[in-house]
Amino acid sequence: MAKTFQGRAVVPGNASATALVSRKGFNTLASFQKALMFKDKAAKCSDQNNPDIYEKPMHGAALCLPQTIGSTTGGMVLFCAAALGQQPACLLFSKPIDSLAAAGAILADVWTDVSMPVVDTLGDEFLAAVQTGAKVTVKKDGTVIVD
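Shown next as structure tokens:
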């Protein structure tokens, strides 16, 4: 049975993708570092401290997270991933997005031709309900449907 959640569209857009879920904070730099350095188009997560998604492909996934953590380079990492075509299909946050990740996602939206919708404040219920492998649909207004 599908569940619907309403969040805030930080970068509006439509997307449909398979969920990749991390229940821990997402270290953007640690997660994308190898993909960016070695041009891994699948963008397999390289953060060994995040067992939920370690070595799983992030490119084209609905990346479902509580929040980002770690490096102040997080925004630039998201922008670079998008510029190189290694970005997730969308970023979905249960908590409010931090300013660095938001800046990177917004710059990617403005300065690249890729679509990477970002929705935050979906709530803890969202992260409890979504499972890796679920189909996720994102609407421009911040509505997220989990099948």
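Here the sequence shown stands for residues 4 to 150, where the numbers follow my numbering. Backbone N, C-alpha and C define an ideal beta-carbon position, used for all residues, glycine too. All figures in this text were calculated on a predicted structure; none of them were measured in a lab.
Does DSSP classify residue i as helix, strand or coil?
{"i": "residue 9", "result": "strand"}
{"i": "residue 103", "result": "helix"}
{"i": "residue 112", "result": "helix"}
{"i": "residue 86", "result": "helix"}
{"i": "residue 14", "result": "strand"}
Run the CB neighbour count on residue i, radius 10 Å, all protein chains shown included, and call it buried at 16 or more, exposed below.
{"i": "residue 4", "result": "exposed"}
{"i": "residue 61", "result": "buried"}
{"i": "residue 71", "result": "buried"}
{"i": "residue 40", "result": "exposed"}
{"i": "residue 17", "result": "exposed"}
{"i": "residue 123", "result": "buried"}
Just curious, the beta strand (DSSP E) that residue i is in, first and last residue?
{"i": "residue 31", "result": "Here residue 31 belongs to no beta strand (DSSP E); instead the alpha helix (DSSP H) covers 31 to 41."}
{"i": "residue 123", "result": "121 to 123"}
{"i": "residue 138", "result": "138 to 141"}
In this structure, what does DSSP give as the bridge partners for residue i?
{"i": "residue 67", "result": "24, 95"}
{"i": "residue 47", "result": "60"}
{"i": "residue 19", "result": "140"}
Residue range of the alpha helix (DSSP H) that residue i falls in?
{"i": "residue 147", "result": "From DSSP, residue 147 is part of no alpha helix (DSSP H) but of the beta strand (DSSP E) over 146 to 149."}
{"i": "residue 132", "result": "127 to 132"}
Give me the residue from the options with the minimum Cα distance to residue i.
{"i": "residue 23", "options": "67, 121, 131, 113", "result": "67"}
{"i": "residue 54", "options": "65, 33, 63, 80", "result": "33"}
{"i": "residue 28", "options": "69, 107, 38", "result": "69"}
{"i": "residue 26", "options": "49, 56, 15, 42", "result": "56"}
{"i": "residue 21", "options": "36, 127, 95, 42", "result": "95"}
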